[in-house]
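See structure below.
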(Lines of atoms letter the chains of each structure in order from A and count residues from 1; the text may use other names and numbers.)
(Lines give C-alpha, C1' and ligand atoms only; values in the text may rest on other atoms or scores of the structure.)
Protein backbone atom coordinates (compact mmCIF):
# COMPACT_ATOMS: atom_id res chain seq x y z
CA UNK A 1 0.00 0.00 0.00
CA UNK A 2 0.96 3.60 -0.53
CA UNK A 3 0.38 6.47 1.87
CA UNK A 4 -1.37 9.51 0.41
CA UNK A 5 -1.78 12.85 2.19
CA UNK A 6 -4.66 15.27 1.75
CA UNK A 7 -5.84 18.45 3.39
CA UNK A 8 -9.46 18.53 4.54
CA UNK A 9 -11.36 21.14 6.50
CA UNK A 10 -11.89 20.89 10.25
CA UNK A 11 -15.65 20.24 9.99
CA UNK A 12 -15.02 17.22 7.79
CA UNK A 13 -12.38 15.90 10.18
CA UNK A 14 -14.86 16.17 13.06
CA UNK A 15 -17.48 14.26 11.06
CA UNK A 16 -14.88 11.68 10.08
CA UNK A 17 -13.91 11.24 13.72
CA UNK A 18 -17.57 10.81 14.76
CA UNK A 19 -18.09 8.21 12.06
CA UNK A 20 -14.85 6.50 13.01
CA UNK A 21 -15.93 6.23 16.63
CA UNK A 22 -19.49 5.13 15.76
CA UNK A 23 -18.30 2.39 13.40
CA UNK A 24 -15.15 1.36 15.26
CA UNK A 25 -13.22 1.94 12.02
CA UNK A 26 -10.06 3.96 11.59
CA UNK A 27 -9.93 7.29 9.76
CA UNK A 28 -7.69 5.61 7.22
CA UNK A 29 -10.21 2.84 6.55
CA UNK A 30 -13.10 5.27 6.12
CA UNK A 31 -11.14 7.59 3.84
CA UNK A 32 -9.99 4.65 1.75
CA UNK A 33 -13.57 3.34 1.43
CA UNK A 34 -14.81 6.79 0.45
CA UNK A 35 -12.13 7.13 -2.23
CA UNK A 36 -12.91 3.67 -3.60
CA UNK A 37 -16.64 4.50 -3.83
CA UNK A 38 -15.95 7.86 -5.50
CA UNK A 39 -13.53 6.42 -8.05
CA UNK A 40 -15.82 3.51 -8.92
CA UNK A 41 -18.71 5.94 -9.43
CA UNK A 42 -16.63 8.23 -11.63
CA UNK A 43 -15.28 5.34 -13.70
CA UNK A 44 -18.83 4.05 -14.23
CA UNK A 45 -19.96 7.48 -15.43
CA UNK A 46 -16.99 7.92 -17.75
CA UNK A 47 -17.54 4.44 -19.22
CA UNK A 48 -21.25 5.17 -19.76
CA UNK A 49 -20.45 8.48 -21.45
CA UNK A 50 -17.86 6.84 -23.72
CA UNK A 51 -20.35 4.11 -24.63
CA UNK A 52 -22.97 6.73 -25.46
CA UNK A 53 -20.52 8.73 -27.56
CA UNK A 54 -19.48 5.59 -29.44
CA UNK A 55 -23.13 4.80 -30.16
CA UNK A 56 -23.74 8.37 -31.31
CA UNK A 57 -20.68 8.26 -33.57
CA UNK A 58 -22.14 5.13 -35.18
CA UNK A 59 -25.51 6.87 -35.63
CA UNK A 60 -27.17 4.52 -33.16
CA UNK A 61 -29.90 6.85 -31.87
CA UNK A 62 -33.33 6.18 -30.46
CA UNK A 63 -36.15 7.20 -32.77
CA UNK A 64 -38.57 9.95 -31.75
CA UNK A 65 -41.22 7.28 -31.17
CA UNK A 66 -38.89 5.25 -28.94
CA UNK A 67 -38.14 8.35 -26.88
CA UNK A 68 -41.82 9.28 -26.63
CA UNK A 69 -42.74 5.71 -25.64
CA UNK A 70 -40.04 5.67 -22.98
CA UNK A 71 -41.16 8.91 -21.36
CA UNK A 72 -44.82 7.96 -21.61
CA UNK A 73 -44.09 5.33 -18.96
CA UNK A 74 -43.65 7.99 -16.29
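Residue numbers (this note's numbering): 26 to 99. Ideal placement from N, C-alpha and C gives every residue a C-beta, glycine not left out.
Practice problem: Give the range of the alpha helix (DSSP H) segment to which residue 64 is assigned. | Solution: If you number the chain shown from 1, residue 64 lands on position 39. Looking at the DSSP string, the run of the alpha helix (DSSP H) that includes residue 64 is 52 to 82.
Quiz item: Do the stretch 36 to 43 and the stretch 51 to 69 touch if we need at least three Cβ pairs shorter than 8 Å?
Solution: yes
Exercise. State the DSSP-derived secondary structure class of residue 29, mapped to helix, strand or coil.
Key: Locating residue 29 in the chain shown gives position 4, where the first residue counts as 1. Coil, per DSSP.
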